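Novice: Supplied in structure tokens, the structure appears directly below.
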Amino acid sequence: MVMYTDKEREKATEQRREEEAYYEEIEKSTVTSPEVKSTEDVKSNTLSASENVKSSTSVKKQKFDQMRKVKIIPLTFPSTPKVSTSSLDTANYLTSLVQKRRETNIVPIYFPPPPSVILSELNMEDYLSASVKRDSVMRTQIISLQFPIPPQVVVSSIDSEIYLKVRVQQSLMPTSPEKERVEQPSLYESPQVVRTSLTQPKKKIDINILNDIKEFLGAFSSGLSTKHGVIVIVYDENKRGIEDSLERIAEEIAIISGLLVKPDPITINLGNITQMGNPGIFKIDKSLCSVREDKDEDKVKEVLESRLMGYQFSILIMPSCLYYRFRETIGGQPSKIFIDADVIRGAGLPSPIKVYKVNKDLIQKIAYVASGFNVNDVSVLYRWDSMKDVNTSFEEILSESRKWLKNSYPWWDVESVGEKESEYHKEMKAVAIRYLIQQRGVKPENIHVETRIEGVVPDIYVSDSNIVIDAKTSIEKEPGDEIIDAYNKYKRIKYENITNEVTEVWVVLRPLPLLLDIDKVVGLYNLFEKLKIMIPAKCGKDYKLLPLEEFLDKMINLQQC
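So in this note's numbering the end of the sequence shown lands on 789, straight run, no missing numbers.
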């Protein structure tokens, strides 16, 4: 809306009056004059006046009509046009009045900034409608924001003399080793774990569910007590790679007998065939069955005649094709002969022969648990040679736990009192300590390693649960005998002011020796009330000790731990 001043209104009114007077004058000029004149005079005057009027009127009227007949055409834009008045030609479209006033003062209107509203509390019952309350408010989900856990900074030691300029007064009084150990923080200390009871009810194990284990590994149990002589294991050469799995079993039998050796292969070149019968493990390749030359056959026969009857402990793994070829030569010389049930021929087998039954499913299950439940090995285990490298995975569990113990609690990495301790034994103790702290939440001050109690020194004693833990390596001793020794030794001991006897005796065993002596181990477990048998395992990233019943259940069903 355009605003005009009083002077501008007066000028507009005066202009209208002039226009009205102009039109009145034209009308008057067309009316006859009251004076009587001659007809000719009137005509001449009328014609002259009319011509003058018409000439002057036509010019003004033509100009006025042009202004009245202006057509306004609406413009259509695809979007909102941007109009600028900087170059607008107002001469043809604006009145003279507006033409004189082209400069218009535009006064900007200023608003205060938008208010900042903070809503601390809203009474929805008063301000929201029922539909909003029901549909929107009630369905609103509050999503919690996840933030990373604040870092935990552990300072192991600080040189206060250098950084704090404080000299610590040296004490001449000796500090208790146990107290000093507890107060020293660990650089590798695990996150806080909720303390759980170590004593759990046990249930007896039905040995009948382990028939397939007994028919395979249980058949070799009679060889565990063999300290002298030659053991022959006959394999089915059609089961490709089975000799490698049997080689791993032979290593464990040798360890239990006190012989730590690596197997020597014997191939068709006969380079080391004369070594058979010496202390060790010898694996004969099935290629030796293709010997055709008389001199080579005579050489093999000579060795078998002279080297299979001896005093030294030796294990010979041979294919069935070679065994039956030289069956009469071998005879009853070996102290033990174990033969695959699938390659038995004829009747009247010699008395030292023991038959074992094996299949791929069983090999897979044993390999899985013998590796310490290594899930990465399971995907490629369905082969006859599955047990070949399982020792590598299990030893990794032991070595990693020992490394953890040295870094976190080095004062516990000590030798057993009064005896020379094997690396196997130190590593198995480390697995047990790691399990107690990381998985069961036992406080370090309640763990006592190689501490004398009533004249005996258990590997580990847990004072708040009154539990003794003894690790057994099954080196030069059968697992069943180790269990009996540990249980009888620790079942009645008491610690300091504890009036009750120990609640449980844990015996930690390696998986493969345990399975080789499965009959005796399960029998003792069911017999001794306080006995718990634990097996090291790696479940995902966690290092654990699995109770015997859980260990066997996961092996039978091939489950992850």
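Note that CB positions come from ideal geometry on N, CA and C, so glycine has one too.
Please read all numbers here as calculations on a predicted model, not as lab measurements.
Taking residue 463 as the reference, which of 247, 701 and 587 has the closest Cα?
Specialist: Taking the first residue of the sequence shown as 1, we reach residue 463 at position 235. Measuring from the Cα of residue 463, the nearest candidate turns out to be 587.
Novice: Going by DSSP, what residues sit across from residue 764 in a beta bridge?
Specialist: One-based indexing of the sequence shown puts residue 764 at position 536. Paired residues: 773.
Novice: When you compare the region 624 to 642 with the region 661 to 672, are there three or more beta-carbon pairs, one atom per stretch, that lie closer than 8 Å?
Specialist: yes
Novice: Starting from the Cα of residue 502, find the closest Cα among 524, 712 and 762 and give me that residue.
Specialist: Translated into the one-based positions of the sequence shown, residue 502 becomes position 274. Ranking 524, 712 and 762 by Cα distance to residue 502 puts 524 first.
Novice: Within 10 Å of its beta-carbon, does residue 505 have 16 or more other beta-carbons around it, so buried, or fewer, so exposed?
Specialist: On the sequence shown, residue 505 is found 277 positions in, with the first residue counted as 1. Under this definition residue 505 is a buried residue.
Novice: Pull up the distance between the alpha-carbon of residue 770 and that of residue 567, whole angstroms please.
Specialist: Here residue 770 is taken as the residue at index 542 of the sequence shown, counted from 1. Here residue 567 is taken as the residue at index 339 of the sequence shown, counted from 1. If I take the Cα positions, the gap works out to 39 Å.
Novice: May I have the straight-line CA-CA distance separating residue 672 from residue 692, to the nearest angstrom?
Specialist: The sequence position of residue 672 within the sequence shown is 444, counting from 1. The sequence position of residue 692 within the sequence shown is 464, counting from 1. About 11 Å.
Novice: When DSSP labels each residue in this structure, what does residue 514 get in the three-state scheme?
Specialist: Taking the first residue of the sequence shown as 1, we reach residue 514 at position 286. Residue 514 falls in the helix class under three-state DSSP.
Novice: Alpha carbon to alpha carbon, how far is residue 681 from residue 721?
Specialist: As a working mapping, residue 681 is identified with position 453 in the sequence shown. As a working mapping, residue 721 is identified with position 493 in the sequence shown. Between residue 681 and residue 721, the C-alpha separation is close to 7 Å.
Novice: Which one of 486, 642 and 507 has the shortest CA to CA distance from residue 679?
Specialist: Position 451 of the sequence shown, counted from the first residue, corresponds to residue 679. If we check each option's Cα against that of residue 679, 642 comes out closest.
Novice: Do residue 763 and residue 774 have their C-beta atoms within less than 7 Å of each other?
Specialist: For the purposes of this step, residue 763 is taken as residue 535 along the sequence shown, with counting starting at 1. For the purposes of this step, residue 774 is taken as residue 546 along the sequence shown, with counting starting at 1. Result yes, Cβ atoms of residue 763 and residue 774 sit closer than 7 Å.
Novice: Report back the beta-carbon spacing between residue 591 and residue 473 to the nearest angstrom; my notes put them in contact at under 8 Å.
Specialist: If you number the sequence shown from 1, residue 591 lands on position 363. If you number the sequence shown from 1, residue 473 lands on position 245. Confirmed, Cβ separation roughly 6 Å.
Novice: Could you please give the first and the last residue of the uninterrupted beta strand (DSSP E) stretch that includes residue 546?
Specialist: Counting from 1 along the sequence shown, the entry for residue 546 is found at position 318. Residue 546 -> beta strand (DSSP E) spans 542 to 547.
Novice: Restricting to Cα atoms, I'd like to know which of 630, 668 and 676 is closest to residue 650.
Specialist: By 1-based counting over the sequence shown, the position of residue 650 is 422. The residue from 630, 668 and 676 with its alpha-carbon nearest to that of residue 650 is 630.
Novice: Among the candidates 456, 529, 235 and 713, whose CA atom is the shortest distance from the CA of residue 481?
Specialist: The residue labelled residue 481 in the question sits at position 253 within the sequence shown. The option with the nearest alpha carbon to residue 481 is 456.
Novice: Starting from the N-terminal side, write out each stretch of the alpha helix (DSSP H) that is 4 residues or longer and does not extend beyond the region 560 to 594.
Specialist: None, since the region 560 to 594 contains no complete alpha helix (DSSP H) of that length.
Novice: Report the three-state DSSP secondary structure of residue 734 (helix, strand or coil).
Specialist: As a first step, residue 734 must be located in the sequence shown, where it is residue number 506. Strand, per DSSP.
Novice: Just how far apart, CA to CA, sit residue 585 and residue 744?
Specialist: Here residue 585 corresponds to residue number 357 of the sequence shown, with the count starting at 1. Here residue 744 corresponds to residue number 516 of the sequence shown, with the count starting at 1. Spanning the two alpha carbons is a distance of roughly 14 Å.
Novice: Determine which residues share a DSSP beta bridge with residue 493 and list them.
Specialist: As a first step, residue 493 is located in the sequence shown; it is residue number 265 there, counting from the start. The partner list for residue 493 (beta bridge, DSSP) reads 511.
Novice: Identify whether residue 460 lies in helix, strand or coil by the three-state DSSP scheme.
Specialist: What you label residue 460 is simply residue 232 of the sequence shown in a count that begins at 1. Residue state, collapsed to three classes: strand.
Novice: Please report the distance separating the alpha-carbon of residue 729 from that of residue 533.
Specialist: The residue labelled residue 729 in the question sits at position 501 within the sequence shown. The residue labelled residue 533 in the question sits at position 305 within the sequence shown. Each residue's alpha carbon lies about 58 Å from the other.
Novice: Go through its chain and collect everything with a Cβ distance to residue 718's Cβ below 8 Å, but skip five positions before and after it.
Specialist: The count along the sequence shown starts at 1 and reaches residue 718 at position 490. Excluding residues within five positions, the ones whose Cβ falls inside 8 Å are 684, 686, 696, 698, 730 and 733.
Novice: Secondary structure at residue 433, three-state DSSP: helix, strand or coil?
Specialist: The count along the sequence shown starts at 1 and reaches residue 433 at position 205. In the structure shown, residue 433 sits in coil (DSSP, three-state: anything other than H, G, I, E or B).
Novice: If residue 511 sits next to residue 475, beta carbons under 8 Å apart, how far is it from one beta carbon to the other, in whole angstroms?
Specialist: In the sequence shown, the residue the question calls residue 511 occupies position 283. In the sequence shown, the residue the question calls residue 475 occupies position 247. Indeed, because the Cβ distance is near 5 Å, the residues count as touching under 8 Å.
Novice: Cβ of residue 542 within 7 Å of Cβ of residue 491?
Specialist: In the sequence shown, residue 542 corresponds to position 314, counting from 1. In the sequence shown, residue 491 corresponds to position 263, counting from 1. Going by C-beta atoms, residue 542 is not nearer than 7 Å to residue 491.
Novice: Using the DSSP secondary-structure output, state which residues sit across from residue 676 in a beta bridge.
Specialist: Numbered from its first residue, the sequence shown carries residue 676 at position 448. Answer by DSSP bridge pairing, in chain order: 689.
Novice: What distance in whole Å lies between the Cβ atoms of residue 452 and residue 484, which are believed to be in contact at a cut-off of 8 Å?
Specialist: Position 256 of the sequence shown, counted from the first residue, corresponds to residue 484. Position 224 of the sequence shown, counted from the first residue, corresponds to residue 452. Indeed they touch by this definition, with Cβ atoms about 5 Å apart.
Novice: Taking DSSP's pairing of strands, which residues face residue 699 in a bridge?
Specialist: Your numbering for residue 699 matches position 471 in the sequence shown. Looking at the DSSP assignment, residue 699 forms a beta bridge with 736.
Novice: Do residue 739 and residue 702 have their CB atoms nearer than 7 Å?
Specialist: Translated into positions along the sequence shown, residue 739 becomes position 511. Translated into positions along the sequence shown, residue 702 becomes position 474. Contact: no.
Novice: So, at 8 Å on beta carbons, what are the nonlocal neighbours of residue 772 in its own chain, with the 5 sequence-adjacent residues on each side left out?
Specialist: By 1-based counting over the sequence shown, the position of residue 772 is 544. Excluding positions up to five away in sequence, the list reads 663, 667, 764, 765, 766 and 789.
Novice: Compute the beta-carbon to beta-carbon distance between residue 632 and residue 469, rounded to the nearest angstrom, for a pair I have assumed lies under 8 Å.
Specialist: The residue given as residue 632 occupies position 404 in the sequence shown. The residue given as residue 469 occupies position 241 in the sequence shown. That pair is no contact at about 35 Å.
Novice: Among 580, 669, 242 and 531, which one has its Cα closest to the Cα of residue 554?
Specialist: Here the question's residue 554 lines up with position 326 in the sequence shown. Ranking the options by Cα distance to residue 554, first place goes to 531.
Novice: Could you tell me which residues DSSP pairs with residue 661 in its beta bridges?
Specialist: Residue mapping note: residue 661 aligns to position 433 of the sequence shown, counting from 1. Note: residue 661 sits in no beta bridge, so no partner.
Novice: With a CB to CB cut of under 6 Å and the five nearest residues on each side skipped, what residues in its chain are close to residue 716?
Specialist: Reading the sequence shown from its first residue, position 488 is the one you call residue 716. There are no such residues.
Novice: Classify residue 488 as buried or exposed, calling it buried when 16 or more other Cβ atoms lie within 10 Å of its own Cβ.
Specialist: For the purposes of this step, residue 488 is taken as residue 260 along the sequence shown, with counting starting at 1. That one is exposed.
Novice: Does any CB atom of chain B fall closer than 7 Å to the CB of residue 695?
Specialist: Absent from the structure is chain B; it holds one protein chain and no more.
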